[in-house]
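Trainee: Read left to right, the sequence shown gives residues 1184 to 1497 (our numbering).
We put the beta carbon where it would ideally sit given N, CA and C, even for glycine.
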Amino acid sequence: METRKIIAFGKSSYVLSLPRDWMDKHSLNKGDIIYVSEELNKLTLSPASAKVEKDPVEIKINTDGKSLEFLKREIISSYINNVNVLYISGSDIKKKAKGIRHILHGLVALEIMQESGDKIIAKDFLNMKDISIVNLVRKIDIIIRSMVIDTKNSFLGKETENLDQRDDDVNRLVFLVFRAVKSAMTDPSVMKNMKMDLVALMSSWNFAFNLEKTADSIKRLSRIFPLLDLKKRGKDDLISIYSKIEKNYLDTMKAYYGKDKMLAYTVSDERKDVMKAIDAFFESEEKQGIIYDLVGQLRALMSSVHSLTRISYG
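1. Starting from T1227, trace the beta strand (DSSP E) both ways and give me its first and last residue.
2. So if DSSP puts N1245 in a beta bridge, which residue, or which two residues, is it bridged to?
3. Using alpha carbons as the reference points, say which of K1365, S1386, L1309 and G1273 lies closest to L1290.
4. Can you name the start and end residues of the beta strand (DSSP E) that L1293 belongs to?
5. Per the contact definition of three or more C-beta pairs closer than 8 Å, is the region 1356–1371 in contact with the region 1305–1321?
6. Grouping DSSP H, G and I as helix and E and B as strand, with all else coil, what is I1314?
7. Three Cβ pairs or more, each shorter than 8 Å: is that satisfied between the region 1341–1353 and the region 1413–1420?
8. Thinking just about the alpha-carbon of each residue, which of L1481, S1495 and V1382 is nearest to the one in K1402?
9. Short check: CB of L1433 to CB of R1328, under 9 Å?
10. Buried or exposed, going by whether 16 or more other CB atoms sit within 10 Å of the CB of S1196?
11. Between A1460, I1407, S1451 and S1261, which lies nearest to Q1471 when the distance is taken from Cα to Cα?
12. On the DSSP letters alone, give me the boundaries of the beta strand (DSSP E) that S1196 sits inside.
13. Residues in its own chain within less than 6 Å of V1235 by CB, not counting five upstream and five downstream?
14. Just tell me which of P1230, I1189 and S1386 has its CA closest to the CA of M1205.
15. How many Å lie between T1227 and L1269 at the Cα?
16. Under the rule that 16 or more other beta-carbon atoms within 10 Å means buried, what is R1187, buried or exposed?
17. Can you find at least 3 beta carbon pairs, one from the region 1464–1479 and one from the region 1369–1389, that sit closer than 8 Å?
18. Taking the beta strand (DSSP E) that D1301 falls in, what are its first and last residues?
19. Determine the DSSP secondary structure at I1506, reduced to helix, strand or coil.
20. Considering only C-alpha positions, which residue in the set G1214, Y1425 and D1238 is nearest to S1337?
21. At which residue ranges does the region 1413–1470 contain complete alpha helix (DSSP H) runs of 4 or more residues, listed in the order of the chain?
22. Quick one: what does DSSP say I1217 is sitting in, helix, strand or coil?
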């Protein structure tokens, strides 16, 4: 880490010299304006305007000997870390091309520019300065609310739309939140556009992560509910538990949007009663494999929602 000495300038100001390499990198000269922002115990300097276009970040991914799941992790990791161009190639790419296309299509603004028998080239068309993490969270929330309603309807025997697709939509938006956070943490101009500090960015990452977990549990419950064979009392108890979790989620999001810590504290207190109701339901039902799966997912859903609540008052 390079050190600089503070120089007194007049009676009320101090001057700090800037590294020449940093000035050259951002094409800054005497008289240019820079932003100075205070974050916790440090100052962050950033150019007032981006005079130089950054070179696109590129990566080469070889498919040989890798499963689609492995490639999926590699591609998503590259996307989250703001890689702009992906060159995907390998001797077995023909066999995996369909799966790779599906992975790429599942990422916002990542388009396939070229595809041949031995390679796929994908390019990112996203301008991170146009992204609003708050708006992304709202979009994820809207999808989850619809999943909650349809999952309840599936238990009541009503026709529902495919929840797997909506869970995929949640994943796409969550990956975009992760990418936005990473971009803001490495580019002060992006952070300034988002009007968020480091604490808010990390909170957003954690919040999006738990929204994804919430959607996953709802999706799994939607698969379990139609298979249940419960007596009337068991059905009533289950609907009551699920409705309490639904209300807990809705109140949590209300507290989050309104920055209402008192509401979040109240919602957090309700978790114990919901967990007790889940335990009582488990004790009252005949122990079958599907009941274990059901109770496990109900607990997982409540835990994810509770994590959202804790972030809301944290």
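Mentor: For this structure:
1. Where T1227 is concerned, the enclosing beta strand (DSSP E) stretches over K1225 to P1230.
2. Paired residue(s): S1272.
3. Among K1365, S1386, L1309 and G1273, the Cα nearest to that of L1290 belongs to L1309.
4. Its beta strand (DSSP E) spans residues L1293 to E1298.
5. Contact between the region 1305–1321 and the region 1356–1371 is present, with at least three C-beta pairs closer than 8 Å.
6. Residue state for I1314 is assigned as coil, using DSSP reduced to three classes.
7. By the Cβ test, the region 1341–1353 is not in contact with the region 1413–1420, since fewer than three Cβ pairs between them sit closer than 8 Å.
8. K1402 has its Cα closest to that of L1481, out of L1481, S1495 and V1382.
9. The answer is yes: Cβ separation under 9 Å.
10. Classification of S1196: exposed, given that the 10 Å Cβ count is below 16.
11. Residue I1407 is the option with its Cα nearest to Q1471.
12. Element bounds for S1196: S1196 to V1198.
13. Because V1235 carries a pLDDT of 48, less than 50, the predicted location of this residue cannot be relied on, and no value is offered for it.
14. One detail in the question is off: residue 1205 reads as Trp in this sequence, not Met. Among P1230, I1189 and S1386, the Cα nearest to that of W1205 belongs to P1230.
15. Distance between the alpha carbons of T1227 and L1269: 31 Å.
16. In the assembly as shown, R1187 is an exposed residue. Its beta-carbon has fewer than 16 other beta-carbons within 10 Å.
17. Contact between the region 1464–1479 and the region 1369–1389 is absent, with fewer than three C-beta pairs closer than 8 Å.
18. Here D1301 belongs to no beta strand (DSSP E), and DSSP marks it neither H nor E.
19. One cannot answer for residue 1506 here, as it falls past the ends of the chain, which runs 1184 to 1497.
20. It is Y1425.
21. Along the length of the region 1413–1470, whole alpha helix (DSSP H) runs at least 4 residues long occupy 1415–1441, 1444–1452 and 1454–1467, reported in chain order.
22. I1217: strand per DSSP, three-state reduction.
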